[in-house]
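Here is the structure we will look at.
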């Protein structure tokens, strides 16, 4: 079973708690998970034979949170070619802003530029609709697991 690396970018902690919840739920399914703290990300290039999940809130005008921005910028400047990497994205945002889930959309663009392939559609969690993004993310795990199973059968 593939290892799953989970990274997060957060301002107030919701994305971290969501990432922790996702990590525990995926581990219960028998996957080996590694939850990387933002301060552990510099120099981290996601291994292509493992899966990647990015959980990220949006701050300011669609900006990436300060805790994960150095890693995002490092990936962007080093531009490792990752054609075999499969990733999933969970964005936390507020739809009352024009830049709803802007940070996770930037991650999607960057990973696509690096050649990586999305495993699932991006899960965008709206703070206007839910106060507990981790519950919505937990529900999404079934969709993620089905995508992983389908990818392994292909």
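Numbering (full-length UniProt numbering), first residue to last: 1 to 154.
Backbone N, C-alpha and C fix where the C-beta goes; we use that ideal spot for every residue, glycine too.
Rounded to whole angstroms, what is the Cα-Cα separation between residue i and residue j?
i	j	result
residue 83	residue 75	14 angstroms
residue 112	residue 93	21 angstroms
residue 118	residue 106	14 angstroms
residue 122	residue 152	20 angstroms
residue 88	residue 29	17 angstroms
residue 36	residue 149	24 angstroms
residue 195	residue 52	Because the chain in this structure spans residues 1 to 154, residue 195 falls outside the shown range and cannot be described.
residue 17	residue 134	7 angstroms
residue 130	residue 50	31 angstroms
residue 27	residue 143	15 angstroms
residue 79	residue 47	14 angstroms
residue 12	residue 132	13 angstroms
residue 73	residue 139	31 angstroms
residue 31	residue 109	27 angstroms
residue 6	residue 15	11 angstroms
residue 45	residue 128	34 angstroms
residue 77	residue 141	32 angstroms
residue 145	residue 120	10 angstroms
residue 81	residue 2	20 angstroms
Assuming residue i contacts residue j under a Cβ cut-off of 8 angstroms, what Cβ separation, rounded to an integer in Å, is found between them?
i	j	result
residue 91	residue 103	7 angstroms
residue 8	residue 19	4 angstroms
residue 22	residue 147	That pair is no contact at about 14 angstroms.
residue 95	residue 126	5 angstroms
residue 33	residue 54	Contact doesn't hold; Cβ gap of about 14 angstroms is too wide.
Could you pull out every unbroken alpha helix (DSSP H) segment of at least 4 residues lying fully inside the UniProt domain "Flavodoxin-like" (4-149), listed in chain order? 14-28, 69-78 and 102-113
Between the segment 94-114 and the segment 57-73, do at least 3 Cβ pairs fall closer than 8 angstroms? yes
For the 8 angstroms Cβ check, are there 3 or more pairs between the segment 37-51 and the segment 65-79? yes
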